[in-house]
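Structure first, commentary second.
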Amino acid sequence: MVSKVEICGVNTAKLPVYKDAEMKEMMEKIKAGDKEVKDEFIRGNLRLVLSVIQRFGNRGENPDDLFQVGCIGLIKAINNFDTSHGVKFSTYAVPMIIGEVRRYLRDNNSIRVSRSLRDTAYKALSIRERMGREMQREPSISEIATEMGVPREDLVLALDAIQEPISLYEPVFHDDGDP
Numbered sequence: 071m072v073s074k075v076e077i078c079g080v081n082t083a084k085l086p087v088y089k090d091a092e093m094k095e096m097m098e099k100i101k102a103g104d105k106e107v108k109d110e111f112i113r114g115n116l117r118l119v120l121s122v123i124q125r126f127g128n129r130g131e132n133p134d135d136l137f138q139v140g141c142i143g144l145i146k147a148i149n150n151f152d153t154s155h156g157v158k159f160s161t162y163a164v165p166m167i168i169g170e171v172r173r174y175l176r177d178n179n180s181i182r183v184s185r186s187l188r189d190t191a192y193k194a195l196s197i198r199e200r201m202g203r204e205m206q207r208e209p210s211i212s213e214i215a216t217e218m219g220v221p222r223e224d225l226v227l228a229l230d231a232i233q234e235p236i237s238l239y240e241p242v243f244h245d246d247g248d249p
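Straight run, no breaks: the sequence shown in the working numbering ends on number 249.
This is how it looks when you write it as structure tokens:
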């Protein structure tokens, strides 16, 4: 059996686990205004938040911040969930939590890149992959731009825009490894 672990200061072994029927009953009490049941329901669904934020672990963000943002998404999901639709709570909550984390990551980024520029860049990456398979070599920027029907300069700008920014304080190394 897999032992429970502590993530973001939450010991998963101590979190309650509820069955669907219990969760539905709790949700009815929450809708009636029972705050204690709501707190217990939140504790019972923290594993859901932890599982979602693990998807975003490689972004260099503080996991505790992501956990807090995920909890905000969980609370929004609880407040907006409607049991009459016959959907499991987790099915409804996961996209809400993901959306909240993505919004945080987007808004927390120091450099804003327009959606159209990002879309162009990601489309170019997809086309580059496809063309690489078809041509059995890496396509040039000009070939990708022609395939997409966009000017080469616009494509270069879009691809540069999605790169991670580099700190001005990061040392620059030459070919021999010396700064």
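Positions of the beta carbon are idealized from the N, C-alpha and C atoms, including for glycine.
Query	Result
Under the three-state DSSP convention, the category Val122 falls into	helix
Within-8 Å CB hit, Gly202 to chain B	Here chain B cannot be found, since the structure has a single protein chain.
Simplified DSSP assignment, three categories, for Val80	strand
Pairwise C-alpha distance: Lys89 and Glu95	10 Å
Nearest candidate by alpha-carbon position, reference Ala231, set Ser184, Val139, Gln124, Phe243	Ser184
Neighbourhood of Pro86 by C-beta distance below 8 Å, restricted to the same chain and skipping five residues each side	Glu110, Arg113, Gly114
Beta-carbon proximity check, Gly140 vs Ile167, cutoff 8 Å	yes
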